[in-house]
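Asker: Numbering (the UniProt record's numbering), first residue to last: 1 to 325. Every residue gets a Cβ at the ideal spot worked out from N, C-alpha and C, and that includes glycine.
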């Protein structure tokens, strides 16, 4: 015979209430106290105490059956994109354990599916970036090169007054060609694939100092754990966007770029001495960084450390086993 704790909740509630009403009926039968229209105050008191005892006993007995359900509902309400890895603890309630097991299995499947879909989304984003970079280099870059060659011949054949104007146009075209090549290079991080994450971050810091004059203090931990290609790419893109924001939008003169070991994985920190957030809403750059962090199960925190301005962006990426294809 099945134990009481293994019965469905519906039948357990019915049995608890039936047992309490049966007990109350037995007590009324064997008790010398009579119940009628001419009850005394003492008899009313006894009846009130008995009713209260029944209600308290019923509440205590039902609580042990329904509290696990409330805990499950609360867990499901708190569940979000960052909490798919949470699991309900096992319960001693035999009737609710299958529900807890099913919920944990569903959470595991959702987490696995999210990891797979995130990997696909990240690959699609990078493929689109590579396509745009290739078109910039092959189409626009070559077109500007042809324009520069034509301007060079035109300057050689033009009269002096017109030659000066053509040289100005030539310099503008040359600057545009350089900018197109820089954009294409940023869209396709070849150093990340060839030399690794630390070298690619060092190159980002060098480029920022060369182009804007912003000093970058680099602090890279030599004991970094192995990272997947997706994790390295997200760390690189977040650092790239954060450094760009610090120099171009915050007007920072000094930036700290740090990559170290976190208790659960790795942590990237980009802190600057610029204007800070000043309570302004997040722009598309920060929203893009948050979305990228979610792609690898990471957490992005943005804050202004002190009253003197500045912004600190902190990305924590957990190191997990690679998701099977």
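Which of the three DSSP states is assigned to residue 255 in this structure?
Answerer: Strand, per DSSP.
Asker: With a threshold of 16 other CB atoms inside 10 Å of the CB of residue 109, please say whether the residue is buried or exposed.
Answerer: Classification for residue 109: exposed.
Asker: For the ligand ATP, is there a heavy atom less than 7 angstroms away from the beta-carbon of residue 171?
Answerer: In the structure shown, the ligand ATP is absent, as is every other ligand, since no ligand is present at all.
Asker: Could you tell me how far apart the beta carbons of residue 256 and residue 269 are, in whole angstroms, since I believe they sit closer than 8 angstroms?
Answerer: With 8 angstroms as the limit, residue 256 and residue 269 qualify as a contact, their Cβ atoms being about 7 angstroms apart.
Asker: If we ignore side chains and look at the alpha-carbon of each, how far apart do residue 71 and residue 200 end up?
Answerer: Spanning the two alpha carbons is a distance of roughly 46 angstroms.
Asker: Starting from the C-beta of residue 299, find all residues in its chain whose C-beta is less than 6 angstroms away, skip the five residues before and the five after it, and write them out in chain order.
Answerer: The residues are 316.
Asker: Looking at the structure shown, is residue 286 part of a helix, part of a strand, or coil, going by DSSP?
Answerer: In this structure, residue 286 counts as helix in the three-state DSSP scheme.
Asker: What is the C-beta distance between residue 205 and residue 191, in whole angstroms, given that I count them as a contact (C-beta under 8 angstroms)?
Answerer: That belief does not hold up - the Cβ atoms of residue 205 and residue 191 are roughly 12 angstroms apart, past 8 angstroms.
Asker: Looking at C-alpha atoms only, which residue of 144, 292, 226 is the closest neighbour of residue 347?
Answerer: Past the boundaries of the shown model lies residue 347; the chain is included only from 1 to 325, so the question cannot be answered.
Asker: Suppose you measure from the CA of residue 311 to the CA of residue 67; what does that come to, to the nearest Å?
Answerer: So the two alpha carbons sit approximately 44 angstroms from each other.
Asker: Between 120, 265, 238, which has its C-alpha nearest residue 302's C-alpha?
Answerer: Comparing Cα positions, the closest option is 238.
Asker: In this structure, how does DSSP classify residue 321 when only helix, strand and coil are distinguished?
Answerer: Residue confidence is low: residue 321 scores 44 on pLDDT, short of 50, so the model does not pin down where it sits. Its coordinate-derived value is still stated next. Note: residue 321 maps to coil in three-state DSSP.
Asker: Enumerated in chain order, which unbroken segments of the alpha helix (DSSP H) with a length of 4 residues or greater are wholly contained in the region 156 to 224?
Answerer: As far as the region 156 to 224 is concerned, its whole alpha helix (DSSP H) runs of at least 4 residues are 160 to 187, 190 to 195, 197 to 212.
Asker: Can you list, in chain order, the residues of its chain with a C-beta nearer than 6 angstroms to that of residue 314? Leave out the 5 residues immediately preceding and following it.
Answerer: Same-chain partners within the cutoff: 269, 301.
Asker: I need the straight-line Cα distance from residue 134 to residue 173, nearest angstrom please.
Answerer: C-alpha separation (whole angstroms): 19 angstroms.
Asker: According to DSSP, residue 16 sits in a beta bridge with which residue or residues?
Answerer: For residue 16, which the question treats as bridged, DSSP gives no partner whatsoever.
Asker: Where does residue 214 land, buried or exposed, given buried means 16+ other C-beta within 10 angstroms?
Answerer: Buried, since its Cβ has 16 or more Cβ neighbours within 10 Å.
Asker: With 16 other CB atoms within 10 Å as the buried threshold, where does residue 230 fall?
Answerer: Classification of residue 230: buried, given that the 10 Å Cβ count is 16 or more.
Asker: Can the beta-carbon of residue 253 be found closer than 8 angstroms to that of residue 221?
Answerer: Cβ atoms of residue 253 and residue 221: not closer than 8 angstroms.
Asker: Going by C-alpha distance, which of 258, 20, 294 is nearest residue 60?
Answerer: Of the candidates 258, 20, 294, the one whose C-alpha sits nearest the C-alpha of residue 60 is 20.
Asker: Which whole-angstrom value is the C-beta distance of residue 166 and residue 158, which I expect to be below 8 angstroms?
Answerer: The Cβ separation is near 6 angstroms, so the contact holds.
Asker: Roughly how many whole angstroms lie between the Cα atoms of residue 55 and residue 234?
Answerer: About 58 angstroms.
Asker: How far does the alpha helix (DSSP H) with residue 238 in it reach, from first residue to last?
Answerer: Per DSSP, residue 238 belongs to the alpha helix (DSSP H) from 229 to 248.
Asker: Going along the chain, which residues of its own chain have a beta-carbon closer than 6 angstroms to the beta-carbon of residue 242, five neighbours each way excluded?
Answerer: If we look at residue 242 and ignore the five residues flanking it on each side, its Cβ neighbours are 270, 313.
Asker: With DSSP as the reference, label residue 277 as helix, strand or coil.
Answerer: DSSP places residue 277 in coil when its eight states are reduced to three.
Asker: Under 8 angstroms by Cβ, that's how I've got residue 176 and residue 151 pegged, so tell me the actual separation to the nearest angstrom.
Answerer: Residue 176 to residue 151, Cβ: 12 angstroms. No contact.
Asker: In this structure, does DSSP put residue 74 in helix, strand or coil?
Answerer: Helix.
Asker: Quick one: Cα of residue 319 to Cα of residue 309, how far?
Answerer: Cα to Cα, residue 319 sits roughly 32 angstroms from residue 309.
Asker: May I ask you to list the residues that DSSP assigns as paired with residue 63?
Answerer: BP columns for residue 63 are empty, so no partner.
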